[in-house]
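Engineer: Per this note's numbering, residue 407 is the first one in the sequence shown, and the count goes up by one each step.
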Amino acid sequence: MNIEIENFEQSTVVSPVGDVDTIESTKLREKLKPILASDVSRIVIDLTQVKYMDSSGIATLIEALQICKLHAKQFVICGLQDGVRSIIELARLDTIFIITKNREEALVA
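Take a look at the structure:
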C-alpha cells in the first residue's frame, strides 16, 4: 500500500492507496503519528482508493480520531467506497466520524 500525503494551509490530507489490513494499518498508523503531533487543525483521510479495510484499519482511524479530539483537531474521512462504508455503518461509526463525499467537502467541513 502506498500512502500519499498532501499539506494545505491548516489541513493535511492522507490518502492510502490499496487495501488496509493488519500489516498496512500499522504503516498507516506510523504515517499518521507525526501528522497527529503537528500543528495542523484538520486531518482528512481520503479513502477514495481503498476498497477493503479490516478491523485493524478501523481501529487505526478510531485511534486517530481520539488523538484529534484530545488536541482539538478536526478529523474527517472522505471518499468511502461501498465496502468500507458498509463496515463503518454496520459498526455505527458513522455517528462518531465526520464523513464527507469527497476531499473538497472534507477541507471545508
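Every residue, glycine too, gets a C-beta built ideally from N, C-alpha and C.
Taking the runs of the alpha helix (DSSP H) that are 4 residues or longer, which of them lie wholly in the stretch 459-504?
Structural biologist: Listed in chain order, they are 461-476 and 488-496.
Engineer: Please report the straight-line C-alpha distance between Val419 and Arg498, rounded to a whole angstrom.
Structural biologist: Answer to the nearest angstrom: the Cα atoms are 24 Å apart.
Engineer: Who are Glu412's beta bridge partners in DSSP?
Structural biologist: Partner(s): Val419.
Engineer: Looking only at its own chain, which residues have a Cβ that is under 6 Å from the Cβ of Ser462, when we skip the five neighbours before and after it?
Structural biologist: Cβ neighbours of Ser462 beyond the five flanking positions: Thr428 and Ser431.
Engineer: What are the boundary residues of the beta strand (DSSP E) that includes Val450?
Structural biologist: Val450 -> beta strand (DSSP E) spans Arg448 to Asp452.
Engineer: If you draw a straight line from the C-alpha of Arg435 to the C-alpha of Glu415, how long is it?
Structural biologist: Rounded to whole angstroms, Arg435 to Glu415 spans 23 Å at the Cα level.
Engineer: I'd like to confirm the pairing. Which residues does DSSP put opposite Val426 in its beta bridges?
Structural biologist: Met459, per the DSSP bridge assignment.
Engineer: Among Ala465, Ile483, Asp460 and Ile451, which residue has its Cα nearest to the Cα of Glu425?
Structural biologist: Here residue 425 is Asp; the residue named in the question, Glu, does not match the sequence. Among Ala465, Ile483, Asp460 and Ile451, the Cα nearest to that of Asp425 is on Asp460.
Engineer: Going by the beta-carbon positions, is the gap between Gly485 and Arg509 smaller than 8 Å?
Structural biologist: Against a cut-off of 8 Å, the Cβ pair of Arg509 and Gly485 comes out as a contact.
Engineer: Would you decide whether Leu467 is buried or exposed? Buried here means 16 or more other CB atoms lie within 10 Å of its CB.
Structural biologist: Buried: at least 16 other Cβ atoms inside 10 Å.
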